[in-house]
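When the sequence shown is numbered by the UniProt record's numbering, its final residue is 456 and no position is left out of the sequence of numbers. Even glycine gets a Cβ: it sits at the ideal position worked out from N, Cα and C. Predicted model only: the values in this text are computed from it and were never measured. Down below is the structure, laid out as structure tokens.
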Amino acid sequence: MALAGVCSAAPLCALPQSHSRTRVPCSLAPSSRSSAPHRRRRSAAAAAASGSNAGGGSSSTAAREAAVTKDYIKWAGEAGIVSPKVTQAYFGELRGAKALDAIAPDEIFVTVPRGAAVVVAPNERCPCPDFVDPAFYKEAPWFVKMALLLLWERSRGRASPVWGYIEQLPSSIDTPVRWSEAELEELQYAPAIKEIRQQQAAWRQQYDKFCAAAKQGKHSYEDFLWALENVRSRAFSGPYTGSSVGEKARTLGLLLAAGGAYAAWQQLPLEQALNGLISVLVFNIIYDLLLSKKLKWYALCPVVDAINHSSLVESNVEYEYFRDQFVLSTKSAYRAGEQVFISYGAQSNGSLLQYYAFTEPNNPNDVYAFDAAVGGQKLQASLQDEQLRTVLVQAAEAELASKPTSAADDERLLQTAHLMSPRQRAAAEFRLEKKRVLERAICRSRKRLGKQAAAA
Numbered sequence: 001m002a003l004a005g006v007c008s009a010a011p012l013c014a015l016p017q018s019h020s021r022t023r024v025p026c027s028l029a030p031s032s033r034s035s036a037p038h039r040r041r042r043s044a045a046a047a048a049a050s051g052s053n054a055g056g057g058s059s060s061t062a063a064r065e066a067a068v069t070k071d072y073i074k075w076a077g078e079a080g081i082v083s084p085k086v087t088q089a090y091f092g093e094l095r096g097a098k099a100l101d102a103i104a105p106d107e108i109f110v111t112v113p114r115g116a117a118v119v120v121a122p123n124e125r126c127p128c129p130d131f132v133d134p135a136f137y138k139e140a141p142w143f144v145k146m147a148l149l150l151l152w153e154r155s156r157g158r159a160s161p162v163w164g165y166i167e168q169l170p171s172s173i174d175t176p177v178r179w180s181e182a183e184l185e186e187l188q189y190a191p192a193i194k195e196i197r198q199q200q201a202a203w204r205q206q207y208d209k210f211c212a213a214a215k216q217g218k219h220s221y222e223d224f225l226w227a228l229e230n231v232r233s234r235a236f237s238g239p240y241t242g243s244s245v246g247e248k249a250r251t252l253g254l255l256l257a258a259g260g261a262y263a264a265w266q267q268l269p270l271e272q273a274l275n276g277l278i279s280v281l282v283f284n285i286i287y288d289l290l291l292s293k294k295l296k297w298y299a300l301c302p303v304v305d306a307i308n309h310s311s312l313v314e315s316n317v318e319y320e321y322f323r324d325q326f327v328l329s330t331k332s333a334y335r336a337g338e339q340v341f342i343s344y345g346a347q348s349n350g351s352l353l354q355y356y357a358f359t360e361p362n363n364p365n366d367v368y369a370f371d372a373a374v375g376g377q378k379l380q381a382s383l384q385d386e387q388l389r390t391v392l393v394q395a396a397e398a399e400l401a402s403k404p405t406s407a408a409d410d411e412r413l414l415q416t417a418h419l420m421s422p423r424q425r426a427a428a429e430f431r432l433e434k435k436r437v438l439e440r441a442i443c444r445s446r447k448r449l450g451k452q453a454a455a456a
């Protein structure tokens with residue numbers, strides 16, 4: 001049987017908290033299944049390389065951005081978002097979050113009420129039946145549902161409860177879903193090219209369905225891409241906990257009133273009637289918590305989703321069930337003036353480029369997948385470890401040799417990155433990191449083979 005070679009920084013191989021408040025952990029919505037404020041969203045390493053000067057651009061553009069940011073900050077305060085220790089700032093050409101005061105490990109430094117977020121819950125009714133056919137909304141994937149909500153909220157202007165958030169979203173994120181065939185080939189990595197081609201076809205198909213289901217005006221494919229790219233690069237997911245405790249409190253008020261009326265009608269002691277009703281409510285809360293293990297919701301959380309990524313940090317976005325809010329904390333400490341980072345999860349550079357439009361240098365989660373058949377002959381799973389490793393090293397070396405450019409070529413090319421188009425630069429950065437994954441895996445495997453030979 002043929003074995004797929006999967007390389008990471010490790011040697012080559014063949015592959016067949018508790019809190020006082022009730023919190024539900026969240027994670028970045030899975031980008032491998034299908035998704036930046038006024039700049040390309042990039043990693044911590046790229047941010048460091050950019051320096052610490054304010055971003056450039058014309059004075060008119062800067063003035064517009066300043067006005068949007070001012071409106072956004074005002075809206076966030078009115079929406080109940082609490083983030084006194086962070087603010088938006090430029091780090092070179094990179095826009096991110098700057099610490100205004102020291103942030104301690106595990107300290108909650110951003111709080112977002114659920115009402116200030118854009119949330120897609122499982123099996124919910126279409127919130128915008130006048131905007132799109134509910135039948136289409138019901139059957140659409142989660143990220144299309146959220147994209148529809150973004151388009152709907154944007155169409156409402158300042159009548160939308162999330163207008164300030166919508167206003168500051170980037171007008172475009174140049175992810176590879178927009179690239180031409182020739183531009184995709186510059187990636188020099190077949191698995192990524194295949195994934196992106198499938199994404200292009202799937203998103204175009206969803207757009208055609210949306211056009212047939214839309215009830216308010218016409219929407220261009222560019223509008224649809226705007227919404228999908230923002231969703232796929234920003235959404236968090238977590239276990240679904242049913243209706244919020246606030247909604248349950250309102251339900252309790254109705255139950256208490258109904259319980260009193262029922263007790264009088266049936267001539268029962270009020271305590272007996274209310275005990276039964278409260279038991280129902282408690283059961284519903286417990287059921288919601290059990291339900292959360294099976295179903296997932298997705299959310300766009302203002303402020304949180306504007307913080308840049310680093311694989312070197314550990315962060316937690318959690319939903320506090322009894323407070324009906326999202327909270328953000330990090331395991332890292334930050335001093336005032338430093339850029340604050342969170343982790344988008346253990347994502348390879350293929351995923352980061354496809355949905356976030358950046359590559360993270362020395363990404364510890366990066367892998368390189370390739371067909372490990374050598375000379376047209378399939379590898380056998382029965383091969384001994386040393387034999388298998390030797391064949392995989394040979395396959396990896398052949399894979400490197402087959403590339404149109406070497407890692408050294410790409411490094412030289414990137415020394416004049418200012419002369420390249422953004423897409424050319426993104427492709428060169430991506431393929432260089434993939435080649436480095438192979439090179440590191442080959443080097444470590446060669447060392448291991450040498451030790452095995454010496455011990456024999």
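Cross-strand partners of residue i (DSSP beta bridge)
| i | result |
| --- | --- |
| VAL340 | ALA97 |
| GLY238 | TRP297 |
| THR308 | The identity of residue 308 in the sequence shown is Asn, whereas the question assumes Thr. Paired residues: PHE341. |
| PHE91 | LEU94 |
| residue 463 | Within the shown structure, residues of the chain are numbered from 1 to 456, placing residue 463 beyond reach of any answer. |
| THR111 | VAL82 and VAL327 |
| residue 463 | This structure cannot settle anything about residue 463, because the visible part of the chain is limited to 1 through 456. |
| VAL132 | ALA214 |
Residues near residue i in its chain [Cβ-Cβ closer than 6 Å; skip 5 each side]
| i | result |
| --- | --- |
| SER315 | THR330, ILE342 and SER343 |
| ARG33 | Reliability of the predicted coordinates at ARG33 is poor, the pLDDT of 32 falling under 50, and the value obtained from them is presented with this limitation in mind. Closer than 6 Å at Cβ, skipping near neighbours: no residue. |
| GLY350 | ALA192 |
| LEU149 | VAL118 |
| VAL231 | SER35, PHE143, MET146 and ALA147 |
| ALA79 | ALA116 |
| LEU353 | THR359 and PHE430 |
| SER160 | GLU153 |
| GLN206 | VAL144 |
| ALA63 | none |
| ASP174 | ALA357 |
| ALA97 | VAL86, ILE307 and VAL340 |
Other residues of its chain near residue i: CB distance less than 7 Å, five sequence neighbours each side excluded
| i | result |
| --- | --- |
| GLU167 | VAL68, ASP71 and TYR72 |
| ALA407 | LEU432, LYS435, ARG436 and GLU439 |
| ALA99 | LYS85, VAL86, TYR334, ARG335, ALA336, GLY337, GLU338 and VAL340 |
| LEU169 | ASN230 |
| ASP101 | LYS85 and ALA336 |
Cβ neighbour criterion (16 or more within 10 Å) applied to residue i
| i | result |
| --- | --- |
| TYR90 | buried |
| CYS211 | exposed |
| HIS309 | buried |
| PRO364 | exposed |
| ALA117 | buried |
| PRO422 | exposed |
| ASP305 | buried |
| ARG125 | exposed |
| GLN272 | Note on GLN272: pLDDT 49, under 50, position unreliable in the model; no value is reported. |
| PRO105 | exposed |
| PHE322 | exposed |
| GLY164 | buried |
| GLY450 | exposed |
| HIS332 | Inspection of the sequence shows that residue 332 is occupied by Ser rather than by His. Under this definition SER332 is a buried residue. |
| residue 459 | Residue 459 is absent from the structure shown; the chain starts at 1 and stops at 456. |
| GLN199 | buried |
| ALA357 | buried |
| SER180 | exposed |
| SER83 | buried |
| LEU419 | exposed |
| ARG158 | exposed |
| PRO176 | buried |
Cut-off 8 Å between Cβ atoms - residues of its own chain near residue i, not counting five sequence neighbours on either side
| i | result |
| --- | --- |
| GLN452 | GLU386 |
| PHE136 | LYS209, PHE210, ALA212 and ALA213 |
| LYS74 | GLY164 |
| ARG178 | LEU225 |
Beta-carbon separation (whole angstroms), residue i vs residue j, contact threshold 8 Å
| i | j | result |
| --- | --- | --- |
| VAL303 | ILE81 | 6 Å |
| PHE326 | VAL112 | 4 Å |
| SER445 | VAL393 | 5 Å |
| THR359 | GLU411 | Not really, about 14 Å apart at Cβ, beyond 8 Å. |
| TRP297 | SER233 | The Cβ separation is near 18 Å, so there is no contact. |
| ALA427 | LEU187 | 5 Å |
| ALA398 | ALA299 | Going by Cβ atoms, the distance from ALA398 to ALA299 rounds to 45 Å, so no, they are not a contact pair. |
| ALA227 | LEU312 | About 31 Å separates the two Cβ atoms, so there is no contact after all. |
Short CB-CB distance (under 8 Å) between residue i and chain B
| i | result |
| --- | --- |
| SER172 | Here chain B cannot be found, since the structure has a single protein chain. |
Check: In chain order, which beta strand (DSSP E) runs of at least 3 residues are fully inside the segment 201-231?
Finding: none
Next item on the list: Just list the beta strand (DSSP E) runs in the segment 127-181, keeping only unbroken ones of 3 residues or longer that don't cross its boundaries, in chain order.
Entry: none
Next item on the list: Can you check the segment 416-456 for any alpha helix (DSSP H) of at least 4 residues that lies completely inside it and give the ranges in chain order?
Entry: 422-455
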